[in-house]
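Notes for the one structure printed next.
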Amino acid sequence: MVKKLIIGIIGFFILIGVIGAIGGSSNKNSNQATTTTGSNSGNTNPQSTEAPQKQKQWVTVVEVSGNANKNTDTFELKGGKTKITYTFSGGDVIVGSIYVLKEGTDLMKQGGIPEVTVTNAGTDSTFITKSAGNYYLSIKSANASWTVKVEEER
Numbered sequence: 394m395v396k397k398l399i400i401g402i403i404g405f406f407i408l409i410g411v412i413g414a415i416g417g418s419s420n421k422n423s424n425q426a427t428t429t430t431g432s433n434s435g436n437t438n439p440q441s442t443e444a445p446q447k448q449k450q451w452v453t454v455v456e457v458s459g460n461a462n463k464n465t466d467t468f469e470l471k472g473g474k475t476k477i478t479y480t481f482s483g484g485d486v487i488v489g490s491i492y493v494l495k496e497g498t499d500l501m502k503q504g505g506i507p508e509v510t511v512t513n514a515g516t517d518s519t520f521i522t523k524s525a526g527n528y529y530l531s532i533k534s535a536n537a538s539w540t541v542k543v544e545e546e547r
């Protein structure tokens with residue numbers, strides 16, 4: 394009984410290996426898309442048929458500074474990778490929060506969770522995930538001057 398079970402398990406793994414080998418070899422050449430161009434001399438020059446991809450860049454969406462509570466005008470995010478870079482400076486006891494809120498949201502009525510909360514002076518950054526849409530920043534601070542920049546990879 395045990396011998397049959399072991400033989401069955403070994404057979405199963407051999408079958409999986411054979412299927413994987415067959416599937417792997419049939420896909421090797423399917424991803425190589427090239428075209429050739431020739432001249433009268435018979436020379437060929439392989440060229441890729443894929444268009445070169447545009448390299449993504451960080452685009453500043455909004456940049457703001459202040460030393461008190463402030464809301465920004467709305468800005469558009471297109472759903473790409475988003476980074477918030479911020480600097481808070483001040484005395485020994487500072488408090489700061491950065492909220493990224495959907496347009497039409499009222500922080501005082503609906504509440505929210507800050508993307509960033511600071512209690513020490515310094516510069517840092519964080520990445521956030523937001524779907525495409527219109528947003529605004531609500532920055533809350535006490536005893537601090539600050540700058541906040543939102544960038545999106547596009």
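Heads up, the sequence shown is in my numbering, so the first residue is 394 and it goes up one at a time. Where a beta carbon is used, it is the ideal one built from N, C-alpha and C, also for glycine. Bear in mind that the values here come from a model prediction, so they are computed numbers and not experimental data.
Own chain partners of residue 536 with C-beta closer than 8 angstroms, once the 5 adjacent residues on each side are dropped: Residue mapping note: residue 536 aligns to position 143 of the sequence shown, counting from 1. These residues qualify, in order along the chain: 483, 484, 486, 487, 488.
CB of residue 508 within 9 angstroms of CB of residue 519, strictly: As a first step, residue 508 must be located in the sequence shown, where it is residue number 115. As a first step, residue 519 must be located in the sequence shown, where it is residue number 126. Yes, Cβ-Cβ distance for residue 508 and residue 519 is below 9 angstroms.
Residue environment, residue 506, which counts as buried when at least 16 other CB atoms sit within 10 Å: By one-based count along the sequence shown, residue 506 stands at place 113. Burial call: exposed.
Proximity winner among 449, 446, 467, relative to residue 456 (alpha-carbon distances): Counting from one through the sequence shown, the residue named residue 456 turns up at place 63. Nearest of 449, 446, 467 to residue 456, Cα basis: 467.
Uninterrupted beta strand (DSSP E) stretches inside the segment 505 to 534 (no shorter than 3 residues): 509 to 511, 515 to 521
Residue 546 and residue 480 closer than 9 angstroms at C-beta: On the sequence shown, residue 546 is found 153 positions in, with the first residue counted as 1. On the sequence shown, residue 480 is found 87 positions in, with the first residue counted as 1. Not closer than 9 angstroms, so no.
One or two residues paired with residue 461 in a DSSP bridge: Position 68 of the sequence shown holds residue 461. Bridge partners of residue 461: none, in fact.
Beta-carbon gap between residue 510 and residue 490 smaller than 9 angstroms: Position 117 of the sequence shown holds residue 510. Position 97 of the sequence shown holds residue 490. Yes, the Cβ-Cβ distance between residue 510 and residue 490 is below 9 angstroms.
Residue from 460, 470, 462, 533 with nearest C-alpha to residue 496: Taking the sequence shown and counting its residues from 1, one reaches residue 496 at position 103. Of the candidates 460, 470, 462, 533, the one whose C-alpha sits nearest the C-alpha of residue 496 is 470.
Rounded straight-line distance, which links the Cα of residue 515 to that of residue 521: As a first step, residue 521 must be located in the sequence shown, where it is residue number 128. As a first step, residue 515 must be located in the sequence shown, where it is residue number 122. Between the C-alpha atoms of residue 521 and residue 515 there is a straight-line separation of about 19 angstroms.
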